[in-house]
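As structure tokens, the structure follows; a few thoughts come after it.
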Amino acid sequence: MKKIFAGLFLAGSFALASAQTISFDKTVYEYGNVKPGADGHRTFTVKNTGDKPLIISRVQASCGCTTPEWSQTPIMPGKTTELKVGYDTKIVGPFTKIIEVYSNDAENSRSVITIKGNVTDAVAVANTITPQTTAKAEVAVMNMDQSAKLAPAKKTDKAAARK
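Residue numbers (mature numbering (1 follows the signal peptide of the UniProt record, and there is no 0)): -19 to -1, 1 to 144.
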């Protein structure tokens, strides 16, 4: 009886070990800073590291501003395919979006990949006020308001000593 259970256990273990397995070249894609209207498409590489065909049945983005594209063709063992993700770069500001990838991987039927970045408004970046420009602007405004009241600067002892 023990031999029968041992044989069934080994057969079950082999069945689990010989399956399709999904893996990604990266699970987070950092866009960095992009300009409005720039190409928002990025590509993830999906690999089948198992020994049976891997099928991606569905890919779902967290919102309508992210559009995934993938092949319905099974990924053979050891082979790769591309999963293309597009983000609408007309939306200015930082973003973090998740994309759910559903497959026939027995252990990981739902995988999550993420895209991150920041769409920077070129005009807003050019008009950014820094602490240095703020200080200069305050001094200029103060001088403009008080220019009639200001007396000429007095010579210091060092200036008088030079003459």
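Here a beta-carbon is modelled for each residue, glycine too, at the ideal position from N, C-alpha and C.
Residue i - DSSP class collapsed to helix/strand/coil
i: G31; result: coil
i: A(-1); result: coil
i: N99; result: strand
i: V122; result: Low per-residue confidence applies at V122: pLDDT is 40, beneath 50, and the placement is therefore not dependable, though the value from the model is reported in the following sentence. V122: helix per DSSP, three-state reduction.
i: G21; result: coil
i: I72; result: coil
i: A(-9); result: In this prediction, A(-9) scores a pLDDT of 47, lower than 50, which makes its location untrustworthy; the coordinate-derived value is nonetheless stated afterwards. It is helical.
i: A105; result: Residue placement at A105 is poorly supported in this model, since its pLDDT is 49, which falls under 50; the coordinates still yield a value, given next. Helix, per DSSP.
Range of the contiguous beta strand (DSSP E) that encloses residue i
i: V9; result: 9 to 15
i: E63; result: 61 to 68
i: I37; result: 37 to 42
i: T48; result: 47 to 50
Cross-strand partners of residue i (DSSP beta bridge)
i: V93; result: E81
i: T26; result: E63
Integer Cβ distance of residue i from residue j, believed to fall under 8 angstroms
i: Y83; j: S38; result: 5 angstroms
i: D102; j: V73; result: 5 angstroms
i: V93; j: T62; result: The Cβ separation is near 18 angstroms, so there is no contact.
i: I80; j: V40; result: 6 angstroms
i: T70; j: G21; result: 4 angstroms
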